[in-house]
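Asker:
Residue numbers (the UniProt record's numbering): 1 to 387.
#1: Just curious, the beta strand (DSSP E) that residue 156 is in, first and last residue?
#2: Tell me whether residue 236 sits in a helix, a strand or coil according to DSSP, three-state version.
#3: Tell me whether the region 30 to 41 and the region 145 to 159 touch, counting them as touching only if at least three CB pairs, one residue from each stretch, are closer than 8 Å.
#4: Return the Cβ separation of residue 185 and residue 196 in integer angstroms, given the expectation that the two are a contact with Cβ distance under 8 Å.
#5: Would DSSP call residue 79 helix, strand or coil?
#6: What do you get for residue 278, buried or exposed, if any count of 16 or more other CB atoms within 10 angstroms of its CB means buried?
#7: Just to confirm, are residue 395 and residue 92 a CB contact at a threshold of 8 Å?
#8: Suppose you measure from the CA of residue 320 to the CA of residue 332; what does that come to, to the nearest Å?
#9: Are the region 109 to 127 and the region 54 to 62 touching, with three or more C-beta to C-beta distances below 8 Å?
#10: On a Cα-Cα basis, can you pick out the residue from 326, 154, 368, 26 that is closest to residue 354?
#11: Once DSSP output is grouped into helix, strand and coil, what is the label at residue 320?
#12: Which complete alpha helix (DSSP H) runs does the region 12 to 50 hold, if anything under 4 residues is left out?
#13: Please state whether DSSP places residue 54 in a helix, a strand or coil.
#14: Below 8 Å on the Cβ atoms is my guess for residue 314 versus residue 285; work out the distance and round it to an integer in Å.
#15: Take residue 340 and list the residues in its own chain whose beta-carbon comes closer than 6 Å to its own, dropping the five residues that flank it on each side.
#16: Going by beta-carbon coordinates alone, are residue 43 and residue 98 separated by less than 8 Å?
#17: Residue 244 by DSSP, collapsed to three states: which one?
#18: Taking DSSP's pairing of strands, which residues face residue 66 in a bridge?
#19: Report buried or exposed for residue 301, applying the criterion of at least 16 other Cβ atoms within 10 angstroms of its Cβ.
#20: Please name the residue, chosen from 136, 367, 77, that lies closest to residue 169 on a Cα-to-Cα basis.
#21: Taking residue 204 as the reference, give the member of 176, 188, 237 with the closest Cα.
#22: Would you kindly work out how many angstroms separate the C-alpha atoms of residue 254 and residue 287, rounded to a whole number?
#23: Have a look at 307, 245, 81 and flag the residue whose alpha-carbon is nearest the alpha-carbon of residue 193.
#24: Extract the residue ranges of the alpha helix (DSSP H) inside the region 113 to 157, only unbroken runs of 4 or more that lie entirely within it.
#25: How many angstroms separate the CA atom of residue 78 from the CA atom of residue 68?
#26: Less than 6 Å between C-beta atoms, sequence neighbours within five positions excluded: which residues of the same chain meet that for residue 11?
#27: Measuring alpha carbon to alpha carbon, tell me which of 175, 165, 103 ends up nearest residue 141.
#28: Going by DSSP in three states, residue 181 sits in which element: helix, strand or coil?
#29: Rounded C-beta distance between residue 24 and residue 129? I'm assuming under 8 Å.
#30: Let me see if you follow: with CB-CB separation under 8 Å, is residue 95 close to chain C or not?
#31: Can you give me the C-alpha to C-alpha distance between residue 112 and residue 39, rounded to a whole angstrom?
#32: Have a look at residue 18 and residue 161 and give me their C-alpha separation to the nearest angstrom.
#33: Residue 353 lies in the alpha helix (DSSP H); which residues open and close that run?
#34: Tell me the rounded alpha-carbon separation between residue 224 and residue 259.
#35: Starting from residue 191 and walking both ways along the alpha helix (DSSP H), at which residues does that stretch end?
#36: Check residue 260 in the structure and name its three-state DSSP category.
Have a look at this one:
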């Protein structure tokens, strides 16, 4: 979530201001397998990882053997001279250590977002700096023995005034994309998440059907527990980024839970219970209400620094409000110039967030804040009560 929050909302804000954003999505070929172990150990030493810990990591990384098994045949073991072990807790951490200094190699004005082996480089209103950043990226990658996969590296431009320009890496032109899959989330160069929502609903319905076929219990509470474990997370992944404003998409998402709960109660012979009543009996909230609560909880984490992102890149604490009233974390957002930005994470929550009861901000933990937030929103009829 934090990796997407630190990029997509910022791009939306810049486009709303009339700027254009150029983004390169970098993919390294066999990233985890191609890391040079001697260079990785050298970087660890430079970061102060020495002594017994360094000796342990050296032992962990070196003299590892692999074999290939096909049916009943097994190859001779051979020593792996590069790469970090995948499927381990240390693997992703070691890769981050390996590429952690990449942003320092880029020129001023080029921004870099790194999450595991996912890397994005972008500039605002500056195509020449982005090309310079790509040149620096190529030099840095060659020095550290990493190979860029040109087939999986794309460039995407945001903003109506984005110039028609070709970016290159080592002389090879980058493929221009109009839609991208970024950390499991698909969106277009106009910040349209419609296809992602439709695909997600289709997958969620398939999982729902599988649950109802695989489990013969007639207890709605048991079935709904399965739903919340295997289906609902799919419908709520990074919802702060893509939460829809169109009523048709809201209904499309809600139909998954609405249909599932209906079928659960039908198994008990209860045909005429309304959706709100079903949720009340299950002690649940609608998906729409859950997205609202998730949004406000993220806002709380941002303003209280529980989520370590620079809030000044996203919004600023408002100096235009009366400080003697309300809570101390009221925010000020740029005026929206489009429906897309109006429904973005930064805009859609501003009014409700600024009107929250100051008593909610006495709690230090986001989990406690969320619990009292639900009660507060229910008392103001912003969400449907769940018993």
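We put the beta carbon where it would ideally sit given N, CA and C, even for glycine. If you're wondering where the values come from, they're calculated on a predicted model, not measured in any experiment.
Answerer: Reading off the structure:
#1: 154 to 158
#2: helix
#3: yes
#4: 6 Å
#5: strand
#6: buried
#7: With the chain covering only 1 through 387, there is no way to say anything about residue 395.
#8: With a pLDDT of 49 at residue 320, under the threshold of 50, the modelled position of that residue is not reliable, and no figure is offered here.
#9: no
#10: 326
#11: Because the pLDDT at residue 320 is just 49, under 50, the model does not fix this residue reliably, and the value given afterwards should be weighed accordingly. Residue state, collapsed to three classes: coil.
#12: 37 to 46
#13: helix
#14: At roughly 26 Å, the Cβ-Cβ gap does not stay under 8 Å, so residue 314 and residue 285 are not in contact.
#15: 191
#16: yes
#17: coil
#18: 78
#19: buried
#20: 136
#21: 237
#22: 6 Å
#23: 245
#24: 127 to 143
#25: 10 Å
#26: 21, 158
#27: 103
#28: strand
#29: That belief does not hold up - the Cβ atoms of residue 24 and residue 129 are roughly 12 Å apart, past 8 Å.
#30: Protein chains in the displayed structure number just one, and chain C is not present.
#31: 22 Å
#32: 8 Å
#33: 350 to 354
#34: 12 Å
#35: Per DSSP, residue 191 belongs to no alpha helix (DSSP H) and is neither H nor E.
#36: helix
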